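Read top to bottom, the protein sequences are chains A and B.
Positions 1 to 178 (my numbering) are the ones given, in order, by the first sequence.
Positions 1001 to 1260 (my numbering) are the ones given, in order, by the second sequence.
Every residue gets a Cβ at the ideal spot worked out from N, C-alpha and C, and that includes glycine.
Given the structure is predicted, the values throughout are model-derived calculations rather than measurements.
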Amino acid sequence: MVVAATSPAAAWIDAVWKALAAVTDPEIPVISVVELGIVRGVEWRADELIVTVTPTYSGCPATEMIAADIDRALAAIGIAKYRIETRLAPAWTTDWIDPAARGRLARFGITPPGARAPDQVRAIDVSALSRRRAEARVACPRCGSSRTRELSRFGSTPCKAQYRCEDCLEPFDYFKPH
Amino acid sequence: MSSDRQLFDYLLRLADNALVLSQRLGEWVGHGPVLEEDIALTNVGLDLLGQARLWYAYAGEVEARFASAGRGEDALAFLRDSGEFRNLLLVERPNGNYADTMARQFYFDQWHRLLLAALAQSRDARIAEIAAKSLKEVAYHLERSTDWIIRLGDGTEESHAKMQAAIDELWMYTGEMFDADETEIALAGERIGCDVRVLAEPWHSAVAGVLAEATLVMPTGTWMQGTKGHGGKQGVHSEELGRMLATMQTLQRSYPGAQW
Chain A
1 MVVAATSPAA AWIDAVWKAL AAVTDPEIPV ISVVELGIVR GVEWRADELI VTVTPTYSGC
61 PATEMIAADI DRALAAIGIA KYRIETRLAP AWTTDWIDPA ARGRLARFGI TPPGARAPDQ
121 VRAIDVSALS RRRAEARVAC PRCGSSRTRE LSRFGSTPCK AQYRCEDCLE PFDYFKPH
Chain B
1001 MSSDRQLFDY LLRLADNALV LSQRLGEWVG HGPVLEEDIA LTNVGLDLLG QARLWYAYAG
1061 EVEARFASAG RGEDALAFLR DSGEFRNLLL VERPNGNYAD TMARQFYFDQ WHRLLLAALA
1121 QSRDARIAEI AAKSLKEVAY HLERSTDWII RLGDGTEESH AKMQAAIDEL WMYTGEMFDA
1181 DETEIALAGE RIGCDVRVLA EPWHSAVAGV LAEATLVMPT GTWMQGTKGH GGKQGVHSEE
1241 LGRMLATMQT LQRSYPGAQW
């Protein structure tokens, strides 16, 4: 897609959002970086276009690849001068994942994230334990059964945990609430 | 009034804790007791490595205010010797067996979470945002290490004995976490840093609660509890850190400036 160089600045912003909507997560190709909630803003600063991105997990190895993919997408629509800025606050949360993308995650075999537990640090902190017990059951993305078991606190990427369904016996990834 | 040198030193402590523990966890790659644990340890290490990079980047910017140039994250991680590292003695302890690794993680995670929760309220906006980001990750680390303390402590006779031994062995290194030196007191006074002395009580309560559930006995030793200013935070380390750094830094030392 190439936008005429004479378009007004606002039209460019729309074109950039459309281009970013086509950039998918390198590990989860059914969700775009926009749907993932990590693109926090697109704006002109003088003659330079600034795309603001926030990391999911601070050590996620996909971060650099995502930046490179965004870079290519911006170059492809003919933006002359642009920069990708990182913003940490407010910290990314799975609450920002687009509801429309959640269904696609499930069809891809990843159970979308549930509600987050409160983050307060209590004076006597055995909360880690009670929170685990209170955690809602994670449904199997294939058969829908809620008879599932956590196999590993981490899965194939930092943002997921590994589960197994006790009914259909298939293993699956759970996108951890964060 | 605190100085930029003090702030730099303080940021190095935060960064070095995360980097050194990350490297220790990385040593488990390919040696985990089961595949899932191998993956989990390295993912925790990966979070810590990401956090270390954020702290180093800020530290380098602060250093540029008083030195001719601020060092980048690679120079800070790979080109300092052990005497220049500011991490807690606890995180440089060797991995030992799985109980040792998990006891070290549990003691640290409990403290790290309390510290980051306090720093998320820092008047320094950069510290506050890095802490708030890291806090979410560390809350999950704590759940995991807590699970293991209970699982091994309240497990078989052998796992119980090993976990109790690990908890006892590492106890003396926990005192340093609550010793505030001049740098920390100065920064805490300006609500930039955290006064770690106030973390002692909630940390002890939380650890006691988990150990009780794990049928383990809370250590009561007083050795190195309340020593003033002669530990990892001041650059006084055990020989173990030097060995670890020799492995971690060899590539950059042998091929300066090498990149992936």
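query	result
Complete runs of the alpha helix (DSSP H) confined to the region 24-106 of chain A [at least 4 residues]	33-36 and 62-76
Cutoff 8 angstroms: residue 1017 (chain B) Cβ touching any chain A Cβ	no
Residues of its chain near residue 1142 (chain B), where Cβ-Cβ distance is below 7 angstroms and the 5 sequence neighbours each way are ignored	1109, 1110 and 1113
Alpha carbon of residue 1079 (chain B) to alpha carbon of residue 1252 (chain B), nearest angstrom	8 angstroms
Beta strand (DSSP E) runs contained entirely in the region 1159-1232 of chain B, provided each spans 3 or more residues	none
Min CB distance residue 1133 (chain B) to chain A below 8 angstroms	yes
Under 8 angstroms between C-beta atoms of residue 175 (chain A) and residue 112 (chain A)	yes
Assumed close pair residue 1119 (chain B), residue 1131 (chain B) - CB separation to whole angstroms, cut-off 8 angstroms	4 angstroms
Best match in B:1094, B:1172, B:1258 and B:1199 for proximity to residue 1026 (chain B) [C-alpha to C-alpha]	B:1094
Which of helix, strand or coil DSSP assigns to residue 122 (chain A)	Unreliable placement is indicated for residue 122 (chain A), whose pLDDT of 43 sits below 50; the coordinate value is still reported in the next sentence. Note: residue 122 (chain A) maps to coil in three-state DSSP.
Rounded distance between the beta-carbons of residue 1083 (chain B) and residue 1235 (chain B), thought under 8 angstroms	5 angstroms
Cβ shell of residue 164 (chain A) (< 6 angstroms), same chain only, five flanking positions each side left out	149, 151 and 171
Local Cβ density within 10 Å of residue 1258 (chain B), reported as buried at 16 or more and exposed below that	exposed
For residue 14 (chain A), the first and last residue of its enclosing alpha helix (DSSP H)	9-20
Where the beta strand (DSSP E) containing residue 149 (chain A) begins and where it ends	148-152
Partners in chain A for residue 1153 (chain B), counting only beta-carbon separations shorter than 7 angstroms	Here the premise fails: no neighbours, minimum Cβ distance about 13 angstroms.
Touching by the beta-carbon criterion (3+ pairs, under 8 angstroms), the region 1172-1191 of chain B and the region 1218-1227 of chain B	yes
Proximity winner among B:1218, B:1035 and B:1001, relative to residue 1170 (chain B) (alpha-carbon distances)	B:1218
Spatial distance of residue 127 (chain A) from residue 1206 (chain B) (CA atoms)	At residue 127 (chain A) the pLDDT is 48, less than 50, meaning the model places this residue with poor confidence; the figure from the coordinates comes in the next sentence. Using only the alpha carbons, I get a separation of about 9 angstroms.
Three CB pairs or more closer than 8 angstroms across the region 1198-1216 of chain B and the region 1060-1069 of chain B	no
Residue burial classification, residue 1163 (chain B) (beta-carbon count within 10 angstroms, cutoff 16)	buried
Enclosing alpha helix (DSSP H) for residue 1023 (chain B) [first to last residue]	1004-1026
Selected residue, minimal CA-CA separation from residue 1244 (chain B), among B:1076, B:1021 and B:1029	B:1021
Cross-chain neighbours of residue 40 (chain A) in chain B, by beta carbon under 8 angstroms	Those within 8 angstroms of residue 40 (chain A) in chain B number zero; the least Cβ separation is about 13 angstroms.
Cutoff 8 angstroms: residue 36 (chain A) Cβ touching any chain B Cβ	no
Of the listed residues A:105, A:90, A:22 and A:101, nearest to residue 76 (chain A) (C-alpha basis)	A:22
Contact list for the region 1052-1085 of chain B against chain A, Cβ threshold 7 angstroms	1054
Separation of residue 1157 (chain B) from residue 88 (chain A), as counted between CA atoms	46 angstroms
At least 3 beta-carbon pairs within less than 8 angstroms: the region 1050-1058 of chain B vs the region 1004-1023 of chain B	yes
Residue 172 (chain A), DSSP secondary structure in three states	strand
Chain A within 8 angstroms of residue 1088 (chain B), Cβ atoms only	no
Boundaries (first-last residue) of the alpha helix (DSSP H) holding residue 1075 (chain B)	1073-1078
Cutoff 7 angstroms; reference residue 1265 (chain B); Cβ partners in own chain excluding five residues on either side	Limits of chain B in this structure are 1001 at one end and 1260 at the other, which puts residue 1265 (chain B) out of reach.
C-alpha gap between residue 1077 (chain B) and residue 63 (chain A), whole angstroms	20 angstroms
Same chain, Cβ closer than 6 angstroms to residue 153 (chain A), neighbours up to 5 away in sequence not counted	161
Neighbourhood of residue 82 (chain A) by C-beta distance below 7 angstroms, restricted to the same chain and skipping five residues each side	48, 49, 51 and 74
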